[in-house]
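Numbering (our numbering), first residue to last: 78 to 353. We treat Cβ as the ideally placed atom computed from N, Cα and C, and that holds for glycine. If you're wondering where the values come from, they're calculated on a predicted model, not measured in any experiment. A short write-up of the structure that comes next.
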């Protein structure tokens, strides 16, 4: 189902997902969202991982969060917080683990709860979802709501072993949800051109995913530091390699999504939802 934003542009909903932990999902989610916002697009960053790393990474807090939207039926407008110009967030915490149990026991449409709850969210160009490392009912909700999936894969041996698992997972999701999941692309993370394994990782990913492979995100100390300073890489080291890598990724994501609408105005973001 396509959603058109209030600015007349198709709202792109991207789930950032990999069943394996430690692949840079939150780093990628946060910095892709921030990079798109920096480029002038209106962006909502949604944390669907009970670890709540989006809030931790950006120093955010909210009395209500995605749990209250999913379980209590809270309106998204009451839970979304502004992060920066053009960037809002819907955060999570450990309470989200309880939502999984409630979704499993939902009498019907248990894969569409997120889609139904987020139907009022229209005033964004992109919704970026940071998903937990599992094929949970919550993540299946994310995939039902999403237009595309973005897969971060770290350039190490265990991640290469998991590539086939990713492909099996996508096949299983298509069977469960009875709808195709569009792979926007694969993001090689923790890339180090000095190591043989990184070269092998790129070769393997290109063999499996071909033109779906984005340019790699290099190993970068400043990227690792940024969350401890509650900043995106564009705030922490705007002229460094990490920011350069993510700006390149953002440009390619925008191109693949076919965004053509002029960037948003520079005024501070207003919460992008409407009350019924």
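- Task: Using the Cα positions of residue 237 and residue 246, report the straight-line distance between them to the nearest angstrom.
- Result: 15 angstroms
- Message: Can you tell me whether residue 88 is helix, strand or coil according to DSSP?
- Response: coil
- Message: Which same chain residues end up closer than 6 angstroms to residue 181 when comparing Cβ atoms and leaving out the 5 residues on each side of it in sequence?
- Response: 214
- Measure the Cβ-Cβ separation of residue 131 and residue 172 and say whether it is below 8 angstroms. no
- Does the count of Cβ pairs from the region 270-289 and the region 319-332 closer than 8 angstroms reach three? no
- Query: CB-CB under 6 angstroms to residue 124, same chain, minus the five flanking residues each way: which ones, in chain order?
  - Reply: 131, 168, 169 and 207
- Task: Specify, as a first and last residue, the run of the alpha helix (DSSP H) that residue 334 falls within.
- Result: 318-334
- Please confirm if the region 248-265 is in contact with the region 299-306, defined as three or more CB-CB distances below 8 angstroms between the two stretches. no
- Message: What does the Cβ neighbour count give for residue 354, buried or exposed, with the cut at 16 atoms within 10 Å?
- Response: In the structure as shown, the chain starts at 78 and stops at 353, and residue 354 therefore has no counterpart that could be examined.
- Item | Collapsed DSSP secondary structure at residue 120 in the structure displayed | strand
- Go through its chain and collect everything with a Cβ distance to residue 226's Cβ below 6 angstroms, but skip five positions before and after it. 92, 94, 258 and 260
- Task: Label residue 256 either buried or exposed according to how many other C-beta atoms from any shown protein chain fall within 10 Å of its C-beta, with 16 as the threshold for buried.
- Result: exposed
- Query: How is residue 228 classed by DSSP in three states: helix, strand or coil?
  - Reply: strand
- Go ahead and pull the three-state DSSP assignment for residue 159. strand
- Message: Here's the rule: buried if 16 or more other CB atoms are within 10 angstroms of the residue's CB, otherwise exposed. What is residue 209?
- Response: buried
- Message: Please report the distance separating the alpha-carbon of residue 96 from that of residue 231.
- Response: 12 angstroms
- How is residue 390 classed by DSSP in three states: helix, strand or coil? No answer is possible for residue 390: the residues shown for the chain start at 78 and end at 353.
- Query: Between residue 99 and the rest of its own chain, which residues show a CB-CB distance below 7 angstroms, the 5 nearest in sequence each way excluded?
  - Reply: 231
- Have a look at the DSSP bridge pairing and note the partners of residue 206. 92 and 123
- Task: Could you check the C-alpha separation between residue 281 and residue 155 for me, to the nearest Å?
- Result: 44 angstroms
- Among residues of its own chain, excluding the 5 on either side of residue 217, which ones have a beta-carbon nearer than 8 angstroms to its beta-carbon? 188, 250, 253 and 254
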